[in-house]
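J.: Heads up: the protein sequence lines correspond to chains A and B, in order.
Residue numbers 589 to 667, in our numbering, belong to the letters of the first sequence in order.
Residue numbers -10 to 657, in our numbering, belong to the letters of the second sequence in order.
Got a structure for you, questions after.
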Amino acid sequence: MVVGVKVGLIAIGAALAIGLSAIATGLAQSRIGAAMAGAIAERPELVGSAIILVAIPETMVILGFVVAFLITALKSTVK
Amino acid sequence: MIEKMAKVEILGLKDIALETIDVIHELGTLHIEDLTERIGSMETKRVTRMEMDPKYADHEATLNNLRAKVGDMIRELQPDPETMSKEEIANEYKALWSDNVEVMVSRLEKLLREVERDTRDTVERKSDLMVELSRLEKYAPIMGKVQPLAERVARMQDMASIALIIERKYKAILNYLNEEISKITNGECEIISQDVDDESTAALIVFNRRFLKQVHEFLAVQDVNQVRLPSDLAKKPIDEAVAEVRARIAQIPAEVDEIDRTLSTVTSQYSVKLIAARNAIHDRLEAMQAVPKFAQTDQVFIISGWLPADAVDPMEKALEGNFGNKVILTVVDIREEHDEEEAPVSLANSPFTRYFEILYLLSKYPRYGTVDPTIVFAFFFPILFGLMVGDIGYGIIIMVAGWIVHRKYASKPLVNMAGFVMTVGGAWTIFFGIIYLEFFGDWIYRWLGLLNADGELDKYLLGTKNSTFKYPLDRIEGFTFMLAVCLIIGWIHMGIGLIIGMVNGRREKNYKHVMEKGGLFLVITGVLMIIAKFGLGWWPAWALGIGLLFFVGGIVLGAVGAGMGGAIESIVGAGNIFSYARLIAIGLASVIMANVANELAIEQAKNGVIGIIVGIVVFILLQALNIVIGVFSPSIHALRLHLVESFGKFFEPAKVRYEPFKKTGGEE
């Protein structure tokens, strides 16, 4: 039972790590994306820079994913 | 590599200015500097902008008109430049070109008259036929619908009929027309309607012939479309008219084909001449438009510009050979003049590295005097891409697709470059796929029986589960190990960026800049050594001490180099190294998705023949989706790691690219 609770908490921790960072990335990308869509409408040559700028906040969810994966690895230490 | 440039000033007697411009144009190596600003800032008023001879200015308008005409003709005849010999175009170009603009304009006008004479009637005839075909194709279905009714009406001597075409959404108007025409004809009328297609309805109004004039007058003010046949068909019985319309519809394409064949003969006769004319006009106008960028005094003209250092001698010889001592070329010492920052940049990379100049679609060229990072990009981009995708199957597909694109689009530089980069990326994907032993996910693990009942990697070809180095290197099970590898790759990648930054600083004798970059390099090295202590049990304590020393020393060096901002940048910049965790994270997401696709396919395949078919479809769809994501996402992230994490540490953009004043061969 205790082991089950611990594993559950690990899962919740991993879910929070990726979930919250994904929400943050989504919010950031929505704003950058909207701004870049406007910028590209004016200057289509900015499309390359736009792709890179939109990708920048993905660092958050990527690190969130890494942390989540590291948290799930704790499962093997639960006794 | 950035090509070494030289700045030159060319002075000569004003009466041979245009001839000199032509020689420079022909050589095609000088990047012209616009002297307008420099002239404006001069105290003396003796130097002014060079002005074109008024008689040449008049020809500019004529040449612009000719350019528009040639453009129209090329659009009409649509010659295919790829089938033409460059030599033939060059010969025609020489035949049209003349140093005397008036002569050149008259040659061009003569050519255009000839083309017009041979094509105008044919092109007009084709256009008329196309209009006729479009009109008849509109009539045909309408006439088809009303034909049976009209035939019946035709047999009734006293009755007349009018066909209408109405938009389906306004079909209700027919009731109104029926009421009004009934009033006009004292009830001797009938309207029959039938839908032609989704948008229109055909209607036939049948009424007593006595009221023909009144009905026509009424319809004229009602804004409805009467189906009016071409005059030659209007007087014929409807069945004959329908047959004739159908015959014409069948006949016109053959006539158009015949015209196309005639046009194609004319096209092959004139296409080379037209392309050469377009190129000649373009080059002549470009030469004329360059004139105001030069300067003049009462007696001499001054041309200033940049060219590759190797091209100085040929230019000097050409000018001397053509004009003797009437034109003098002087090389300006750019360091003395502090003009280096203004130098246009031209890259001279190896044939392999040149394909990776695709990077400069997203960024400007590096500033003159700094290090060109194309070779860093050419080396690291495919490796980072391959490290993320890392699958033998995906690699083969990416490599083959990339090579096909590269070969097929040899004449489109951008697509051609992208294809080549994809091919190299695909090769590295196969290489890392072999290291991970992945083939469309975990198929090789399954075939070799390396997985346990839970689908986890349990057996290894080399080493055991507890070995530090083992084969295959499973990214899911060996996540921590791969994370460390990615951080080390990040350290190397960022380190190269910082070393280039230090080299740039040293070249510019900006030693504070060198200290700032050196400080950040020490900090990231220290951070990595500190992290290693927590990840590697055998990591000695003294190495941790050195790591701490590097960390603190780096911050101090950064502060000495760039003040408080430098110290903060050193600490924040160290965080960039964690950005390289994406190398494993993106790859892991890809491999998990591939494994899920395999699992779903295998589960389906357990349900008999239909299950196998469904399984294959699921496998193909999911793996195809994963390949698309697997190409797009790693490309973006590998690019980002270059542009933000590595190049961001040293890259200074150039103000201008080297664009020589040359006969471009056209405006394609």
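Backbone N, C-alpha and C define an ideal beta-carbon position, used for all residues, glycine too.
The model shown is predicted, which means the values in this text are computed figures rather than measured ones.
Does W531(B) pass the burial test, meaning 16 or more other C-beta atoms within 10 Å, or should it be called exposed?
T.: So W531(B) ends up on the exposed side.
J.: Quick one: Cα of I381(B) to Cα of V598(B), how far?
T.: Taking the straight line joining both Cα atoms gives about 28 Å.
J.: Per DSSP, C178(B) is paired with what?
T.: DSSP, once it has assigned bridges, lists F196(B) as partnering C178(B).
J.: Answer with buried or exposed for W295(B), where buried requires no fewer than 16 other C-beta atoms within 10 angstroms of its C-beta.
T.: When all chains shown are included, W295(B) counts as buried.
J.: Can you pull the chain A residues whose beta carbon is under 8 Å from the beta carbon of V633(B), in chain order?
T.: In chain order: I640, I644.
J.: Quick one: what does DSSP say E657(B) is sitting in, helix, strand or coil?
T.: Residue placement at E657(B) cannot be trusted, given a pLDDT of 44 that sits under 50; the coordinates are not used to answer.
J.: Mind listing the chain A neighbours of L351(B)? Cutoff is C-beta to C-beta under 7 Å, in chain order.
T.: G636, S637, I640, listed in chain order.
J.: Let me check one thing: in DSSP terms, what residues is R104(B) bridge-paired to?
T.: Inspection of the sequence shows that residue 104(B) is occupied by Val rather than by Arg. Paired residue(s): none; V104(B) is not in a bridge.
J.: Per DSSP, what kind of secondary structure is G1(B) in: helix, strand or coil?
T.: Three-state result, G1(B): strand.
J.: Where are the alpha helix (DSSP H) runs, 4 residues long or more, that stay fully inside the region 409 to 450 of chain B, in chain order?
T.: Listed in chain order, they are 432 to 437.
J.: Just checking I575(B) against the ligand HEM - is the residue's beta carbon closer than 7 Å to any of the ligand's heavy atoms?
T.: This structure lacks the ligand HEM; in fact it carries no ligand of any kind.
J.: Whole angstroms are fine: how far does the CA of D322(B) sit from the CA of A332(B)?
T.: Using only the alpha carbons, I get a separation of about 12 Å.
J.: Rounded C-beta distance between T108(B) and V255(B)? I'm assuming under 8 Å.
T.: At roughly 5 Å, the Cβ-Cβ gap stays under 8 Å, so T108(B) and V255(B) are in contact.
J.: By the criterion of Cβ-Cβ separation under 9 Å, what are the contact partners of V654(A) in chain B?
T.: Simply F468, L472, F567, A570, R571, I573, A574, L577.
J.: Does the beta carbon of T647(A) sit closer than 8 Å to a beta carbon anywhere in chain B?
T.: Yes, contact with chain B.
J.: In the DSSP assignment, find the unbroken alpha helix (DSSP H) run with L16(B) in it and report its ends.
T.: Start and end: 6 to 16.
J.: Strictly under 8 Å for the Cβ-Cβ distance: is L597(A) near chain B by that measure?
T.: With 8 Å as the cut-off, L597(A) does not count as an interface residue toward chain B.
J.: What does the alpha-carbon distance come out to for the pair E656(B) and I481(B)?
T.: Since pLDDT at E656(B) reaches only 46, below the 50 mark, its modelled position is unreliable, and the value read off the structure follows with that caveat. Computed Cα separation, rounded: 44 Å.
J.: CA-CA distance, A50(B) and Q278(B)?
T.: C-alpha separation (whole angstroms): 12 Å.
J.: Using only CA atoms, which one of I385(B), S352(B), F345(B) lies nearest to F370(B)?
T.: Taking only the C-alpha atoms, the option nearest F370(B) is F345(B).
J.: Reducing DSSP to helix, strand and coil, say where M471(B) ends up.
T.: The answer is helix: DSSP assigns M471(B) an H, G or I state.
J.: Are the beta-carbon atoms of I63(B) and I292(B) separated by less than 8 Å?
T.: Their beta carbons are not under 8 Å apart, which means I63(B) does not touch I292(B) by this criterion.
J.: Hey, quick one: how far does the beta strand (DSSP E) through I291(B) stretch, first residue to last?
T.: Residues 289 to 297.
J.: Shortest alpha-carbon distance to V654(A) belongs to which of I640(A), M624(A), G607(A), A638(A)?
T.: Nearest option by C-alpha distance: G607(A).
J.: In chain order, which continuous runs of the alpha helix (DSSP H) of length 4 or greater are located wholly inside the region 340 to 373 of chain B?
T.: 340 to 343, all fully within the region 340 to 373 of chain B.
J.: So, is the C-beta of I620(A) closer than 8 Å to a C-beta in chain B?
T.: Answer no: the Cβ-Cβ gap between I620(A) and chain B never drops below 8 Å.
J.: Between the region 613 to 641 of chain B and chain C, which residues of the former have a C-beta closer than 9 Å to a C-beta of the latter?
T.: Given the protein chain composition of this structure (A and B), no chain C is represented.
J.: Can you tell me the Cα-Cα spacing of I488(B) and F636(B), whole angstroms?
T.: Distance between the alpha carbons of I488(B) and F636(B) is about 11 Å.
J.: In terms of DSSP beta bridges, what is S189(B) paired with?
T.: Bridge partners of S189(B): E156(B).
J.: Output needed for R631(A): all residues of its chain with C-beta closer than 8 Å, excluding positions within five of it in sequence on either side, in chain order.
T.: Same-chain partners within the cutoff: there are none.
J.: How many whole angstroms separate the CB atoms of S339(B) and L632(B), which I take to be in contact at a CB cut-off of 8 Å?
T.: Going by Cβ atoms, the distance from S339(B) to L632(B) rounds to 22 Å, so no, they are not a contact pair.
J.: Taking the beta carbon of T418(B) as the centre, do at least 16 other beta carbons fall within 10 Å, making it buried, or is it exposed?
T.: With 16 or more other Cβ atoms within 10 Å, it is buried.
J.: Mind reading off the beta-carbon distance from E177(B) to N197(B)? Whole number of angstroms is fine, and I expect it under 8 Å.
T.: Right, their Cβ atoms sit about 4 Å apart.
J.: Mind listing the chain B neighbours of L651(A)? Cutoff is C-beta to C-beta under 9 Å, in chain order.
T.: Within 9 Å Cβ-Cβ: F567, S568, A570, R571, A574.
J.: Starting from L318(B), trace the beta strand (DSSP E) both ways and give me its first and last residue.
T.: L318(B) -> beta strand (DSSP E) spans 316 to 321.
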